[in-house]
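Below: one structure, written as structure tokens.
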Amino acid sequence: MQPLERLVNLVALLLDARRPLTFDQIRERMPEAYEQEDLDTAKRMFERDKGILRDIGVPIEVVATDVWESEQGYAIAKDEYYLPEIAFTPQEISALFVAAHAGREGSSAEEAVRKLLYGAEGGILVGVGGFALATDGVSDRRLTAAAEAVAAQRSVRFGYRTSRGVEGERRVDAFGLAVRGGSWYLVGMDRERGEIRSFRLSRVSTDIVDEGEGGAPPEGFRAADHVQLGPWGPGEPAERATVAFSPEVAWWATKGLQGAEVLLERPDGWVEVTVPNGPGEGLASWILSFGPDAVALEPEDLRREVVRRLEATLAAR
Amino acid sequence: MPPADRRTAPKASERLRRLLVVVPYLVQHPGTELAEVTRLFGVPEEALVEDLQLLFVSGLPPYGPGDLIDVDIQDGRVWVAMADYFGRPLRLTRSEAVALYLRGAALAAMPDVPEAPALDSALAKLAEGLGPQTLGELPERIQAAVGARTAETLEALRAAVAEHERIRIEYYAASSASTTVREIDPEEVLHAIGNWYVVAWDHRSNEERLFRADRVRSVEPTGKRFEPRGLAGAGRPLYTRGEADAEVRLLLGPEARWVAEYYEIERSEERPGGSLEVAMPAGRLEWAERLVLRLSGAAQVLGPPELNDRVRELARRTRELYG
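In order, the protein sequences belong to chains L and P.
Residue numbering for the first sequence follows the working numbering, beginning at 51 and increasing consecutively.
Residue numbering for the second sequence follows the working numbering, beginning at 210 and increasing consecutively.
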């Protein structure tokens, strides 16, 4: 008898049984599986099968079959085995399917959604257009470790390299996770600094190690509040600036940029736009990325900053 | 333990895991096409048939006439009966549930994803259905932060991918800093490092190209269909290196390190003082010129030598605009 056949039959037997079965009873009901060998070998085979079933998530319980606890029986807890009924709409199940398949092939997310499909209407997933989502170099394992720390409110330790390249070790009470544009951030209490900080998981340089129970997040905590960016980097835009774009790039430069407003289109086709400005030098840098296809018009100090940078580049050897 | 058994054990567990998920679907959906099962469950048809044939001789010990699972495969369709105890699948393991939840949350957080509302409600139902013992505090502790650029043409691109439809697009090409019109055969829509992309065959250059969706200004149907060339595949590099490509090497100071997180880089190496040396492939240097111009003093060009001259020329032309 093939191992797979034996395993299927064992699951069927235990799922169907009304009460726990002892090994002798199992052996008797499955003679082809466990009776050809001598008792010790059969018992070892059964133990190994039990291990395989547990590994794939089949909840096998060992219980006493009589009040004297002289004999042990095996049972599958049905409420733990069976997936509870969850009534997804066709749109919901198809959205989950698309999401699960957006990553690397053969992921746990794919396994998960397959288990949810049984209740779906047949054929609803035909012609579902897919997506692919690449993570920014963060392994599923690391993301899962961070998620589990958050779920169970744990404190964790890990190596971290800041956006400016400074390497160090962090000890953080995991409060929450935030995702922005496909990048994951762990947000929590940085124990050493005594402040809530966010850590981009792609910059974590070691395994995430559990350090025991962590503190609770403050009332009203939202992880996303700690990773918000203004259009030009951290902080809220302070004022507005005016920039002119050449006809070549104008449509793209202004589209999808939050808070951009078109002021006018010049006769030569250039478009003047107001955008949120500052703090910091992000806007000057962004304008320069268009080269001679963009000009900073206002305010004057933005104009000066762009010119200062251009002259520095021209002066460099 | 006999060695033969040790070798087959992991394989048997893999197949069992699969069967315990596929069989409930087949019990609930009599007459499902094998091809659909293959697509939904990611099992090659041959392996599926082999597993189902084995299931046919399995069942409830001691295998009385009414206790064997009934499997019928005809004309590419499959029926499974007499397997009521396999009528519902196994619960999601904790790590499966966490993985699906995270994937769903990440996709729902993307701008312009039409599935987002359905995903949000599906994730809420999943968390509730599985109960707090599976996902713990996770659902309350995950949020999306706004940040990515929107891509209004995403839906049209996706539809063209699904229908294998050739389209005409207006595209802002950063590599040449110009807006062009071209016909493309789009094969996959993917998201990577903060942006949506479409992988396509570009009829203008007669090459495989990757287009950033937010730079696609308009999508027009051509009425033609195409035969996919197999360009798709998640996890592909965002840049396919061509023969004629130059390698741009930059020394990024601490303020410019972000470049390594937003662009496809081939190699990177830490340098003293928090600097990072990176090598990036570039088909044309226009794109690299503009990047270096924007970084100003925060980055240094290590190669190719002509890049420095070109950056200076670009700076001169830009400087003229300021009188």
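Think of the CB as a built atom: it goes at the ideal place given N, C-alpha and C, for glycine as much as any other residue.
LYS433 of chain P (DSSP reduced to helix, strand or coil):
By 1-based counting over the second sequence, the position of residue 433 of chain P is 224. Reduced to three states, the DSSP call for LYS433 of chain P is strand.
So which residues on chain P does ALA194 of chain L lean against when the C-beta distance must stay under 7 Å?
As a working mapping, residue 194 of chain L is identified with position 144 in the first sequence. Contrary to the premise, residue 194 of chain L reads as Thr rather than Ala in this sequence. Residues of chain P passing the Cβ test: SER304, VAL307 and ALA308.
Can you give, in chain order, each stretch of the beta strand (DSSP E) that sits fully within the stretch 211 to 288 of chain L and has at least 3 residues?
You should have 217 to 230, 233 to 240, 245 to 250 and 259 to 263.
Please list the partners that TRP410 of chain P has in chain L, where partner means a Cβ-to-Cβ separation under 9 Å.
Along the second sequence, one-based indexing puts residue 410 of chain P at 201. Per Cβ cutoff of 9 Å: no residues; TRP410 of chain P is ~17 Å from chain L at best.
When you compare each of P:ARG224, P:ASP321, P:ARG297 and P:ALA422 to LEU235 of chain P by their alpha carbons, which one comes out closest?
Looking up residue 235 of chain P in the second sequence gives position 26. Each of P:ARG224, P:ASP321, P:ARG297 and P:ALA422 was checked against the Cα of LEU235 of chain P, and the nearest Cα belongs to P:ARG297.
Name the one or two DSSP bridge partners that HIS400 of chain P has.
Taking the first residue of the second sequence as position 1, residue 400 of chain P is located at position 191. For HIS400 of chain P, which the question treats as bridged, DSSP gives the partners L:LEU183 and P:TRP405.
Output yes or no for whether 8 Å exceeds the beta carbon distance between VAL376 of chain P and VAL408 of chain P.
Here residue 376 of chain P is taken as the residue at index 167 of the second sequence, counted from 1. Here residue 408 of chain P is taken as the residue at index 199 of the second sequence, counted from 1. Correcting the residue type first, residue 376 of chain P is Ile in the shown sequence and not Val. No, they are not a contact pair.
LEU404 of chain P, buried or exposed, once every other Cβ within 10 Å from all chains shown has been counted against 16
Working through the second sequence from its first residue, we reach residue 404 of chain P at position 195. Sequence inspection shows Asn at residue 404 of chain P; the Leu mentioned does not correspond to that position. Counting Cβ neighbours within 10 Å, ASN404 of chain P comes out buried, since at least 16 surround it.
Per DSSP, what kind of secondary structure is TYR132 of chain L in: helix, strand or coil?
Indexing the first sequence from 1 puts residue 132 of chain L at position 82. DSSP places TYR132 of chain L in strand when its eight states are reduced to three.
Taking buried to mean at least 16 other C-beta atoms within 10 Å of its own C-beta, is GLY313 of chain P buried or exposed?
In the second sequence, the residue the question calls residue 313 of chain P occupies position 104. So GLY313 of chain P counts as buried.
For ARG353 of chain L and LEU461 of chain P, I'd like the C-alpha separation in whole angstroms.
Locating residue 353 of chain L in the first sequence gives position 303, counting from the first residue. Locating residue 461 of chain P in the second sequence gives position 252, counting from the first residue. C-alpha separation (whole angstroms): 25 Å.
Measure how close the beta-carbons of TYR380 of chain P and ARG424 of chain P come, nearest whole angstrom, since I'm counting them as under 8 Å.
Counting from one through the second sequence, the residue named residue 380 of chain P turns up at place 171. Counting from one through the second sequence, the residue named residue 424 of chain P turns up at place 215. Going by Cβ atoms, the distance from TYR380 of chain P to ARG424 of chain P rounds to 6 Å, so yes, they are a contact pair.
Which of the three DSSP states, helix, strand or coil, is assigned to VAL231 of chain P?
What you label residue 231 of chain P is simply residue 22 of the second sequence in a count that begins at 1. VAL231 of chain P falls in the helix class under three-state DSSP.
Can you look up TYR310 of chain P in the DSSP assignment and give me helix, strand or coil?
Within the second sequence, numbered from 1, the residue matching residue 310 of chain P stands at position 101. Helix.
Three-state secondary structure (DSSP) at TYR471 of chain P?
As a position in the second sequence, residue 471 of chain P is number 262, starting the count at 1. TYR471 of chain P falls in the helix class under three-state DSSP.
Contact list for SER330 of chain P against chain L, beta-carbon separation under 7 Å:
Here residue 330 of chain P refers to the residue found at position 121 when the second sequence is read from its first residue. For a Cβ distance threshold of 7 Å, residue set GLU142 of chain L lies close to SER330 of chain P, ordered along the chain.
Cα-Cα, which of P:PRO239, P:ALA256 and P:GLY240 is closest to THR247 of chain P?
Along the second sequence, one-based indexing puts residue 247 of chain P at 38. For the residues P:PRO239, P:ALA256 and P:GLY240, the minimum Cα distance to THR247 of chain P belongs to P:ALA256.
Whole angstroms is fine: what's the gap from ARG224 of chain P's alpha carbon to LEU54 of chain L's?
Sequence index remark: in the second sequence, residue 224 of chain P carries index 15 (1-based). Sequence index remark: in the first sequence, residue 54 of chain L carries index 4 (1-based). Looking at the two C-alpha atoms, the distance is approximately 7 Å.
Could you check where the beta strand (DSSP E) with TYR381 of chain P kicks off and where it finishes?
Locating residue 381 of chain P in the second sequence gives position 172, counting from the first residue. Run containing TYR381 of chain P: 374 to 382, per the beta strand (DSSP E) assignment.
Closer than 7 Å, Cβ to Cβ, to anything on chain L: give me those residues from the stretch 509 to 523 of chain P, in chain order.
The stretch 509 to 523 of chain P vs chain L, Cβ under 7 Å: VAL520, ARG521 and LEU523.
Can you tell me where the beta strand (DSSP E) holding PRO326 of chain L begins and where it ends?
As a first step, residue 326 of chain L is located in the first sequence; it is residue number 276 there, counting from the start. Here the beta strand (DSSP E) through PRO326 of chain L covers 321 to 327.
Relative to the alpha-carbon of ALA308 of chain P, which residue among L:THR212, L:GLU130 and L:ALA195 has its alpha-carbon at the smallest distance?
Mapped onto the second sequence, residue 308 of chain P falls at position 99. The residue with the shortest Cα to Cα distance from ALA308 of chain P is L:ALA195.
Note down, in chain order, every chain P residue with its Cβ under 9 Å from the Cβ of GLN75 of chain L.
Numbered from 1 along the first sequence, position 25 holds the residue referred to as residue 75 of chain L. Those do not exist, as GLN75 of chain L stays about 10 Å from chain P at its closest Cβ, beyond 9 Å.
Looking at chain L, is there any beta carbon in it that lies within less than 8 Å of the beta carbon of GLY285 of chain P?
Numbered from 1 along the second sequence, position 76 holds the residue referred to as residue 285 of chain P. Judged by the 8 Å Cβ criterion, GLY285 of chain P is not in contact with chain L.
Give me, in chain order, the residues of the same chain whose beta-carbon lies closer than 6 Å to that of ARG303 of chain P; leave out the 5 immediate sequence neighbours on both sides.
For this step, residue 303 of chain P is matched to residue 94 along the second sequence. If we look at ARG303 of chain P and ignore the five residues flanking it on each side, its Cβ neighbours are THR343.
Measure from the C-beta of PHE295 of chain L to each C-beta in chain P and report whether the shortest distance is under 8 Å.
Residue 295 of chain L sits at position 245 when you count from the first residue of the first sequence. With 8 Å as the cut-off, PHE295 of chain L does not count as an interface residue toward chain P.
Whether or not the stretch 189 to 203 of chain L and the stretch 316 to 325 of chain P are in contact is what I'm after, with contact meaning three or more pairs of Cβ atoms, one per stretch, closer than 8 Å; do they touch?
no
For ILE106 of chain L, three-class secondary structure by DSSP:
Within the first sequence, residue 106 of chain L is the residue found at index 56, counting from 1. In this structure, ILE106 of chain L counts as coil in the three-state DSSP scheme.
Cutoff 8 Å: GLY107 of chain L Cβ touching any chain P Cβ
Taking the first residue of the first sequence as 1, we reach residue 107 of chain L at position 57. GLY107 of chain L counts as touching chain P.
Where SER385 of chain P falls, given that 16 or more other Cβ within 10 Å makes a residue buried
Numbered from its first residue, the second sequence carries residue 385 of chain P at position 176. Under this definition SER385 of chain P is an exposed residue.
Only counting the same chain, and skipping five residues up and downstream in sequence, which positions put a Cβ closer than 8 Å to that of LEU502 of chain P?
Reading the second sequence from its first residue, position 293 is the one you call residue 502 of chain P. Excluding sequence neighbours, LEU502 of chain P sits near VAL520, LEU523, ALA524 and THR527.
Could you name the residues of chain L that SER414 of chain P contacts, counting a contact when the two beta carbons are closer than 9 Å?
Looking up residue 414 of chain P in the second sequence gives position 205. Under the 9 Å cutoff, chain L gives no residues; its nearest Cβ is about 19 Å from SER414 of chain P.
Proximal residues to LEU440 of chain P (C-beta, below 8 Å), its chain only, five neighbours per side dropped
For the purposes of this step, residue 440 of chain P is taken as the residue at position 231 of the second sequence. Only GLU396, GLU397, VAL408, ALA409, TRP410 and GLU417 meet the Cβ criterion.
Under 8 Å between C-beta atoms, does PRO395 of chain P make it to chain L?
Along the second sequence, one-based indexing puts residue 395 of chain P at 186. Judged by the 8 Å Cβ criterion, PRO395 of chain P is not in contact with chain L.
Considering PRO490 of chain P, what are the terminal residues of the beta strand (DSSP E) in which it resides?
Taking the first residue of the second sequence as 1, we reach residue 490 of chain P at position 281. Its beta strand (DSSP E) spans residues 484 to 491.
Where ARG79 of chain L and ALA336 of chain P are concerned, what is the direct C-alpha to C-alpha distance, given to the nearest angstrom?
On the first sequence, residue 79 of chain L is found 29 positions in, with the first residue counted as 1. On the second sequence, residue 336 of chain P is found 127 positions in, with the first residue counted as 1. Distance between the alpha carbons of ARG79 of chain L and ALA336 of chain P: 39 Å.
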